[in-house]
Structures are given as structure tokens and as C-alpha cells.
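Asker: Each number in my numbering corresponds to the 1-based position in the sequence shown with 2 added.
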Amino acid sequence: MLPKRTLMGPGPSDVYPEVLEALARPCIGHLDPAFIAFMDELNELLRGAFLTRNAATLPISAPGSAGMECCLVNLLEPGNTIVIAVNGVFGTRMLEIARRCGADPVAVEFEWGTPVDPDRIDSVLAAHPDAVALAFVHAETSTGVRSDAETLSNLARRHGCLSIVDSVTGLAGIELRVDDWGIDAIYSGTQKCLSAPPGLSPVSFSERAMARVRARATPPQSWFLDLELLTGYWGAGAKRAYHHTAPVNALFGLHEALRILHAEGLEQAWARHARNHARLRDGLEALGLEFLVAPQYRLPQLNAVRVPQGVDEARVRAVLLDRHGLEIGAGLGPLAGRIWRIGLMGASCTEHHVALCLEALGDALGSA
Ligand SMILES: *Cc1c(COP(=O)(O)O)cnc(C)c1O
3 MLPKRTLMGP GPSDVYPEVL EALARPCIGH LDPAFIAFMD ELNELLRGAF LTRNAATLPI
63 SAPGSAGMEC CLVNLLEPGN TIVIAVNGVF GTRMLEIARR CGADPVAVEF EWGTPVDPDR
123 IDSVLAAHPD AVALAFVHAE TSTGVRSDAE TLSNLARRHG CLSIVDSVTG LAGIELRVDD
183 WGIDAIYSGT QKCLSAPPGL SPVSFSERAM ARVRARATPP QSWFLDLELL TGYWGAGAKR
243 AYHHTAPVNA LFGLHEALRI LHAEGLEQAW ARHARNHARL RDGLEALGLE FLVAPQYRLP
303 QLNAVRVPQG VDEARVRAVL LDRHGLEIGA GLGPLAGRIW RIGLMGASCT EHHVALCLEA
363 LGDALGSA
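#1: Hey, is the segment 260–272 in contact with the segment 285–295, meaning 3+ C-beta pairs nearer than 8 angstroms?
#2: Once DSSP output is grouped into helix, strand and coil, what is the label at serine 369?
#3: Using the rule of at least 16 other Cβ atoms within 10 Å of the residue's Cβ for burial, across every protein chain shown, is threonine 220 buried or exposed?
#4: Taking DSSP's pairing of strands, which residues face glycine 333 in a bridge?
#5: Taking the alpha helix (DSSP H) that isoleucine 38 belongs to, which residues open and close that run?
#6: Considering just the uninterrupted stretch of the beta strand (DSSP E) at leucine 157, what are its terminal residues?
#7: Within 10 Å of its beta-carbon, does threonine 247 have 16 or more other beta-carbons around it, so buried, or fewer, so exposed?
#8: Out of curiosity, what's the CA-to-CA distance linking proline 19 and glycine 348?
#9: Under the criterion of a Cβ to heavy atom distance below 7 angstroms, does glycine 335 qualify as lining ligand 1?
#10: Please state whether the Cβ-Cβ distance between leucine 74 and methionine 96 is less than 8 angstroms.
#11: Just jot down, in chain order, the residues whose CB lies closer than 5 angstroms to any heavy atom of ligand 1.
#12: Between glycine 345 and glutamate 287, what straight-line distance do the alpha-carbon atoms span, to the nearest angstrom?
#13: Would the beta-carbon of serine 165 fall within 8 angstroms of that of isoleucine 62?
#14: Among Ser15, Gly239, His279 and Leu322, which residue has its Cα nearest to the Cα of glutamate 361?
#15: Relative to the C-alpha of aspartate 106, which candidate in Val91, Ser224 and Leu136 has its C-alpha closest?
#16: Contact check, threonine 143 vs phenylalanine 92 under 8 angstroms by CB: the rounded distance?
#17: When you compare only the Cα positions, how much space is there between glycine 10 and threonine 145?
#18: Which same chain residues, not among the five before or five after isoleucine 99, have their C-beta less than 8 angstroms away from its C-beta?
#19: Roughly how many whole angstroms lie between the Cα atoms of leucine 337 and arginine 343?
#20: Let's test the definition: count the other Cβ atoms within 10 Å of the Cβ of glutamate 209 and tell me whether it reaches 16, buried, or not, exposed.
#21: Let me check understanding here. Comparing Cα to Cα, which of Lys6, Val118, Ala51 and Phe37 lies closest to alanine 265?
This is how it looks when you write it as C-alpha cells:
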């Protein structure tokens, strides 16, 4: 038997009990007419969560990194220039994927723990008029930083390139308006603020992005992530040509998680994340812990705090896990051993979770 945990790390978050029940519904055929209608409804719920009318909105049958790869392999052709902002782990991953697409990525590096600076991006885009896209991370889970997705997407458009946005952790946790902000390609994940299990990646593409996909000289090197094939199966009114067997039960779970989100209301969910973040911040500061990120750039759903001098950070996490059944995250890359990452995502973003975490951390800090 695996233990029961409270998940307050960088994802997965606690899964809603209703989602667990939905996952256990009897499987039906992925081409059953009833399932086809369900897919249309699921995509409409996804459009509501992204605040978009994009026809090409669908869940990729694989985790967030596959959504990232789907955006890049479809929008990049060999030799294309792409500007990629790097302020943490996930910008670094985009860079690596762009290289493997045979593109020519221009990395714009920012200190980890700081946001992407639009002024610097503006001058880099001006220096690279041939760039076809700007890619950046809206909510950097490795550092707890929010970047200004609206300003950055507008900049991309002004420079005549597409915007590619990682909002794996942003979706349903902080403000995100795909159409109003002019985002061209976006991907997310199910295991962060949607609180479904890991394994699916909702994506959405603007008409401008889809026109680029259709105008490719060569097909994308990934057959599985080829958007033209995927939209042939997923698109409303499409022929529903068999592409791969959809993960039927995982989609039941995502549908239920989206239903819960819409029942609460998107803006209410953003407000709940902000409210519980403020509670957690007050408690962490009362324990003497300091945030990594300046207040105006903090993500409410991912709280990065510095490990105090002389504290064994791995031992604290072990006490939290063993004594309190509570998972929090460690630092990655240059922040390994230097920070903890405390998630308040989706179902894990409640007053109860805040209280549990503060009590357990107080205990672990006292005994580690
Ligand atoms: C979690 C995460 C990913 C990757 O998602 P996986 O489901 O682990 O593949 C990508 N970007 C960000 C910002 C994330 O937080």
C-alpha cells in the first residue's frame, strides 16, 4: 500500500475526490458517439479556462512537457530563429527542445528568482527581425516567479512574431486571458492548479499560429504531436479520424476538474489562490522564513522560501513527509539546497492546507 500524502509541492497537487471518482467510471470506446460529444464539451470547458475562442484547443495525451514540445515542433522549422526567455528550469527546457527542432534559438537569460524583463526582450526582438516566435514561461515553478504574459505577448505581436507561453502552473491559479492578451500558443498541465492527476497537457493555438502550421514546408518531426493530425481527431466537426487511443478515463478526470473550476468561477479561483498565499506568507514570515522573490513578482501558487543558515533542508522535508505526510518541493539547479518550494495549487489551496503546512514546518524546523 502506498501512503496517503498531502501534496504541497510544485505538483502534483491534491486531486479532488470527485476527480478520483470520475477516473473510476467505466471506460467507453474513444470513438463512441457519446465520447465524441464528451470531447466537444471538454474542449469547450478548456476554452473557458483559457479564456479563448480558439478552435484548436485540446488536451495532449501526455504531461506538460509534451504540450511544450507540441508548441515548439509545430511552430518551428529547421533554421527558424526563436527568442526564448530563460529564468528557470522550464525556459531552459524550451531552449533544448528548440535546438532539437533544428531551430536557431536566441536565449535571453535572467537571474533565477527574477521575472522576464520586457525591455530586454524588446531590444532582443528588435535585433532579430527574422525571429518567428518569442517563448517564455508565465509562471516559473522552479523559482515561484510570475512574468507579465500580457506585455510580453503584445511585444511579440508588435515585432511580427508568434508568442508561445508556458502556463503549466499559471492556468487556474493566476490571471490568464489568452484572447485578450493575444497569446498565439499556450500549454498547461493537469496536475498543478487544475488538481487532476498528471498525464495530460491542455494546449490552445490561435488562428495565426494554425496558419503557420498549415504553411509549413516540411511536416513536424513528431508524428504524435503533429497538430494537423491531432485536430483531425479532436477538432469540432472534424472527421474524428483515428490518431491514437485517447486516454478515456484520464479525460473523465480532467472534465470533472474543469467542471469544479467553472462551478467556483475562474476569477474566484484566482482570488482564492491570492488569499491563501497571503495567509501562508504571514505564517512563513512569522517562522522567520524569507521569500526568494520580490513581492510584486510572487506566484501565489508556488512559494519559494530560502533555507535558513545551518538548517539541513533535506532533513526538514523528510520530517514533513514521515511525521506529517506532507510533501513540499526542494530547489532545482542553482537553487538546489537553497530553497523550499511550497505549493498552494488548486485543491491544495485551502485554509486547512495553510494551517497544516505552518504547523508541520514549525515542528520540523524545531526538530531538524
Ligand atoms: C510542471 C511544469 C512543466 C512540465 O510539466 P510535466 O507535466 O512535468 O511534464 C512545464 N513547465 C512548467 C512551468 C511546469 O511547472
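Beta carbons: idealized from backbone N, C-alpha and C, even for Gly.
Answerer: With the structure as the only source:
#1: no
#2: helix
#3: exposed
#4: Answer is none; glycine 333 lacks a bridge partner.
#5: 35–52
#6: Note, leucine 157: premise wrong, no beta strand (DSSP E); alpha helix (DSSP H) at 151–160.
#7: exposed
#8: 13 angstroms
#9: no
#10: yes
#11: Pro65, Gly66, Ser67, Phe92, Thr143, Asp168, Val170, Thr171 and Gly191
#12: 16 angstroms
#13: no
#14: Leu322
#15: Leu136
#16: 7 angstroms
#17: Inspection of the sequence shows that residue 10 is occupied by methionine rather than by glycine. Computed Cα separation, rounded: 15 angstroms.
#18: Met70, Glu71, Leu74 and Val75
#19: 10 angstroms
#20: exposed
#21: Ala51
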